[in-house]
Amino acid sequence: MAPKPAVKTLPRRGSLIDGVKGNLQALIVGLKYFLDPKRFTLVYPKEYSKLPKGYRGFIILNKQKCISCAACARICPSAAMKMIRIPVKDPKTGKTRMKQYPVINYQRCIFCGYCVDVCPTEALYHVPYHDVVYENLSEMFWDLETFQKEPEYKTAKEGSPVKFLIHEEYGLIKVPAEEGG
Amino acid sequence: MAADKLSTARQRAEEALKSIGVSYSVEEGANFVEFIVDVARLKDAALALKNAGFGTVVSVTATDYPKKNTIKVVYHVTSMIDDEVKGAIIGVGVYLPRIDKPSMPSLTGVWLSAEFMEREVFEFFGVEFEGHPDLKPLLLIPPLAEKRPLRKDFVVREENIYEGVPFSNVG
Amino acid sequence: MAAEEGKVYVGNVDVAARRARDILLGKLKLEDAVDWATSFSLWPVHLTTSCCSTEFAATFGPRFDGEQFGSLPWVSPRQTNLIVIEGTVTRKMACAVRITWEQMPSPKFAIAMGACALDGGLFYNSYNVVRPWEVIPIDIYIPGCPPRPESVARAIVELQRKIRRKHLAGEWVRTGWRPDREPVKPKEDVCSWWRG
Amino acid sequence: MSGDIRFYGAFKDELGLKTIPSRRIAKDTYEIFIGPQHPGSGHMRIIIKVDGDVIVEAEPDIGYVHRTMEKLGEIRGWIKPIPLFERMAIHDACNITLPYVRAVEKLMGVEAPERAKYLRVLLCEINRIAAHLYGFAIFGIFLGHSTMYMWAMGDREVWIELAQELTGARLTHSYPVPGGVRRDIHDEYPDMVRRAIRYMRKRLEDYRKLFLDNPVIKSRLEGVGVISKKQVVELGIVGPNARGSGVAYDVRLADPYEVYDQLDFEIPVFEEGDALARTYVRVEEIKQSMNILEQVVDWLEKHKGEPIIHESVSSKYGPVHKKVLQEQRRAKLLPLHATMKVPAGRAIGRGETARGEVIYYVESDGGLNPYRVRIVTPSARNAIAFKYALPGHKVMDLPAIYGSLDYFPPESDR
Amino acid sequence: MVLDVVEAILGFPPVWQVLVVGFGFSLLVSVVAVWFERKTAARVQRRLGPYWASPRLGGLLHLVADMLRYAFQQVIIPRGVDMTPFLVAPIVGMVISILPVAVVPFTSNPQYWPLPPGAMEYSLLIALAITTLPPIFIVAAGWASNNKFAVIGGLREAFIITAYELIAILGFLAVAAAVGSFNLAVIAEAQNPVKWFMLLNPLAFLAVIIAVAMSTSAFPFEIPESESEVVAGPFTEYSGLLYALNMGGAYMRRFIYGILIALTFMGGWAPYNPGEGIFAGYIVPSLIVTVKALIIVLAISFLRAVYGRYRLDQALDIAWRLTLPLALLGLALGIIQAFIGLA
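Those sequence lines, one after another, are chains A, B, C, D and E. Its first residue numbered 6, the first sequence is counted upward by one per residue in my numbering. Its first residue numbered 35, the second sequence is counted upward by one per residue in my numbering. Its first residue numbered 8, the third sequence is counted upward by one per residue in my numbering. Its first residue numbered 0, the fourth sequence is counted upward by one per residue in my numbering. Its first residue numbered 277, the fifth sequence is counted upward by one per residue in my numbering.
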């Protein structure tokens, strides 16, 4: 049980007959797929692919769970996660003190998910979508308010969700998926 | 298995270096071994190693040590066809003075595979290789290559976790 | 205007062209048609600035098929009207980006793809990276590293809508000017190192 | 072997590294700049000089995607460089980062648990197939065969879907971390892999009929861009390109890492050294990778529930971490990862990516950051091939040679 | 007076045949052919192809959008170009590439022939002679562009001309020899109803198809515009309307060749017998010929999905070593058929 080298030989170009055979073979395969293309194209705005649960899409903050440890900002490889200090009123004592929360810069975020994985209280989570685009750069630095809201998912309003499954004959097949769920 | 190969390779390299009478010092890494020789005898040492079967340069590794005031240039070589030592990495290197343009002989004549890597070391550290056929920057544009980006005194600053927030710190 | 020697002289082309344009656009309302045509014929030029090109390639692969929007990646900048900055733009590449942009005929549009093309992404403090929006004007930004092919498709769809909504192409034909955008001149001469 | 090879108005010296024109090269050679905005170049520029239609001199002008990985690797701690180095070859992400992780592990003196090793191999081989298919796609479009491009891109999606199911991202997995991996597979996963393998085997037959046995493609590739065994050793060419020339050099063979020495597979080697041989190496490697995948998923199915991350990490897990590991099969990182310190020392990490051997030389002074990370990627080592393999060929052979070398500039430029 | 002149010009059959069938149809056909090429390729490649502009028409309007976009895009004329040929070459090249239609009879009814019957005797020769002209303008366009890739593309075009011209002419000659006439109408009529030369003389037919593929740079001979080395070949510097003319040119030439092939190898208007009157005598047979030509065009377009491209020297090799003997054999077969009196 170990890797071993294996010397193999190349099929060489043969006679004219081989050439004719090769041409015919290629044309037949082409025609075969012309007649039955086995397509799996996503007709995009009409359909959108519903991503699996663990997909690392946009990252959203659950402020209630945040304990201000700043681990997420420290581990962020692209320095997209920043900490800001805001005054917070303590409900018990009534005193105001400064507390720090993360904000995110989607101009830089690389969706590696380190911040989600490092968060000791699971205050950060991924939403399973990614196809959001912007016309202005300034919209992409999210302040604390925006960071707690999931971004507007235009695609879901315009199309219906589909799921891709791995299939022996087609490679991938599209099947309709339920909304939400 | 890999450790066997490395010890064989080390033995072979030491024999080769001793046979031409090059004095060397050994620096060991976790899974490789380096022979540090004098700049004047580098080419001889390289030739001896090549004749001993180490035919391919995998990396020309330069490291800047401002505290020791040296730049270390090591040619990590291996053999791609000799089954006994295949894949074992040994290094042959020199310490150069840390000046603006330290120079050392080019080993492109010995190992052709070092050609582009020497150009890289030239642009990132400013080491001049004497006898290199075409010594010019490989990756960088010339104005940047002037700044020797991989030397330690070329500082790239990392942002801290509070800076660069465009809005005031009120959520 | 005197006829130069060795040149074909076909009358005052500018005046004739302006008159023809006025007739076509004023009376026939071709403006909307041009907007429609441009939005369904966004041909991105083949300029692979960085590794987002793998996802860009996947966008035009069979699963996501960017050609359904009428976009056909094209080889020569002279025949295209869209540039997709596929990731990091290094100092060496910035020159190529700018030259390619200037070679493209108006009306032309740009999409910045990936975190590196927005604010450097992982390479925000790298000494060899420039922000593409300092080199050419960008219409749509796609976050992600790399963005999913759907994001690229979304960007194309949004750009199509933007063109139709703001009459970007029709306005150009009428006035010879992109109404919403001054031509961005790079802060520094991105090709200076090359010219020497 | 060199008897079959025709060079146009030129012959090669004994080693085959210099092209000696058989007649005087015209003084007014035509200099063509191919790239970087050029369909046949990708993110690089090749400056060629042609005499008539024959290339007499070629010089790769690379560095258009140089993103200063080595410098940034020196200032970003020990765990942040994983996503960073991944960007060199994002469609081969696990292969390219694993050697770095292994080098760090070696310095720290930890070793990943058995299951993590198998999971790493699983993702590595999925990546290898996807990367080879990407190479095919680019190769196809270089030869004007758009169907090959589309087919390979489409079938690559199957493997990307598998990788996404495992890691949560299409390309940039950032999967291995020092001490283990970040996620575990779910129960249906082995069946998905098996289905994908069965599908791919059928498709390879269609590939052969449409592309590899197509007389047009064959005549474009046969005897083109020949690199001899001697040249490979001298130029230091690695990966499928070396194995296409009869050099059985593969890190999985020479210096087995992870669990490769416990798996049964072949390293395909072809003797011819031309573009066709390099292409066939990739086809055979896809087949072998699928063999590996079958063995790996069998093992994973038998050994459910074993740890995927090293004890030194999992012993510090709190209740939330444990719950996540249990329910979502996600091994969380610890805040100490961000400010990790690694004992002083030097290590070389190496691995076999889809394009060949990648080497990380990691030097630690015991601090928060690596002291020096030197990266030599396979494409960086193959770049030199352009200079020596192109001369003597026609201009139209350039895309055939480029494509067959499967050169990826971001990987080369680092 | 002026109207009379206009009427005389427009009433002259070659002129309206060029304008209506030549320009109108070939524009339509090139749109359909490009659409078909993209859709076929997409289908074989397991994807959708152009779609969203008109989902019900399968994205046909995308081609209209492309044309409209090109028509209104900026036309960049680089500083270094040779102005006169740069502007003239695409326009003249396109006009000349549809000119062969001027001598093509679409019916057996001499009343609707574009030329008087005496001149029609040489219609095949005249048509073939004109088809050899457009490549010169492609070479000129490449040369005038002052761009290295354009020059190389133009040179490749010049090489390819030497390869296919002789083959095409020999292939058509085989039919002329078998029938014993250069009159396209006579040739077409001789094949009525099913004695098509495509079946009688497959060698010459194959040779002609290969020559047409080379001539119109279809796959696997798309060498002058081979994008992976010479960008867009001779048209690298063209933009906007000028490029649209160029792009259409190749498809129009393919269509014109298609008409010639339909007449000489596929029986022209066979199995239909043109009758009297403009409808039965001209429109129906010309539609049949056009449909046959379209089939040829589409069949050649399909090759894109299956083939890559040959290297230049390999294409020349195939032309001279494989296809030329084929064409010569076809010619011999044609002569034998003439002797036997088969045709």
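The beta-carbon is built from N, C-alpha and C at its ideal position, and this holds for glycine as well.
{"query": "Contact with chain E by C/P153, beta-carbon distance below 7 Å", "result": "no"}
{"query": "Proximal residues of chain A, C-beta to C-beta of E/T316 below 8 Å", "result": "F39"}
{"query": "Beta-carbon spacing of C/P156, C/G121 below 7 Å", "result": "no"}
{"query": "Nearest-angstrom Cα separation, counted from B/S59 out to D/M395", "result": "51 Å"}
{"query": "Reduced DSSP category for E/W311 - H, G, I as helix; E, B as strand; rest coil", "result": "helix"}
{"query": "Short CB-CB distance (under 7 Å) between D/R413 and chain C", "result": "no"}
{"query": "According to DSSP, residues forming a beta bridge with C/V136", "result": "C/T97"}
{"query": "Closer than 7 Å to chain E by CB, D/P390", "result": "no"}
{"query": "Within 7 Å, strictly: CB atoms of A/K87 and A/V108", "result": "yes"}
{"query": "Short-range partners of chain D found in the region 101–113 of chain C, where Cβ spacing is below 7 Å", "result": "A103 and T107"}
{"query": "Extent of the continuous alpha helix (DSSP H) run through E/L338", "result": "Residue 338 of chain E is actually His in this sequence, not Leu. E/H338 -> alpha helix (DSSP H) spans L337 to F348."}
{"query": "Test item: CB-CB of B/V190 and D/K70 under 7 Å", "result": "yes"}
{"query": "Segment contact, 8 Å Cβ cut-off, at least three pairs: the region 112–122 of chain D with the region 298–306 of chain D", "result": "yes"}
{"query": "Simplified DSSP state of A/Q105, which is helix, strand or coil", "result": "strand"}
{"query": "Segment limits, beta strand (DSSP E) that includes E/S421", "result": "That residue, E/S421, is in no beta strand (DSSP E); it is neither H nor E in DSSP."}
{"query": "Residue environment, B/K120, which counts as buried when at least 16 other CB atoms sit within 10 Å", "result": "buried"}
{"query": "CB contact below 7 Å: A/K154 versus chain B", "result": "no"}
{"query": "Where A/T14 sits in the DSSP three-state scheme", "result": "coil"}
{"query": "The alpha helix (DSSP H) enclosing B/K84, as first and last residue numbers", "result": "L76 to N85"}
{"query": "Secondary structure, beta strand (DSSP E): runs of 3+ residues fully inside the region 150–195 of chain D", "result": "none"}
{"query": "Beta-bridge pairing of A/V93 - partner residues as DSSP gives them", "result": "A/R102"}
{"query": "Residues that DSSP places opposite C/W81 in a beta bridge", "result": "C/V52"}
{"query": "Cβ-based contacts, 7 Å cut-off: residues of the region 387–418 of chain E near chain A", "result": "none"}
{"query": "Range covered by the beta strand (DSSP E) that runs through E/P478", "result": "First-last for E/P478: P478 to S491, but that is the alpha helix (DSSP H), not the beta strand (DSSP E)."}
{"query": "Members of the region 55–69 of chain C that neighbour chain E once the beta carbon cut-off is set at 7 Å", "result": "P69"}
{"query": "Runs of beta strand (DSSP E) wholly within the region 236–296 of chain D (minimum 3 residues, chain order)", "result": "265–269"}
{"query": "For B/A64 and D/G344, believed in contact at Cβ under 8 Å, the rounded distance", "result": "6 Å"}
{"query": "Alpha helix (DSSP H) runs contained entirely in the region 326–408 of chain E, provided each spans 4 or more residues", "result": "337–348, 359–374, 393–396 and 399–407"}
{"query": "Contacts of B/L169 in chain C (Cβ-Cβ under 9 Å)", "result": "The premise fails here: B/L169 is roughly 18 Å from chain C at the closest Cβ pair, so nothing lies under 9 Å."}
{"query": "Beta-carbon proximity check, B/S147 vs D/G235, cutoff 7 Å", "result": "yes"}
{"query": "Alpha helix (DSSP H) segment containing D/I320, residue limits", "result": "Sequence inspection shows His at residue 320 of chain D; the Ile mentioned does not correspond to that position. Taken as a continuous stretch (DSSP letters only), the alpha helix (DSSP H) holding D/H320 covers P318 to Q327."}
{"query": "Beta carbon of E/Y548 nearer than 7 Å to that of E/I564", "result": "yes"}
{"query": "Beta-carbon separation (whole angstroms), D/I140 vs D/Y148, contact threshold 8 Å", "result": "4 Å"}
{"query": "Contact list for B/E192 against chain C, beta-carbon separation under 7 Å", "result": "N132"}
{"query": "CB contact flag (D/A102, D/G366, <7 Å)", "result": "no"}
{"query": "Minimum Cβ-Cβ distance from A/M88 to chain B less than 7 Å", "result": "yes"}
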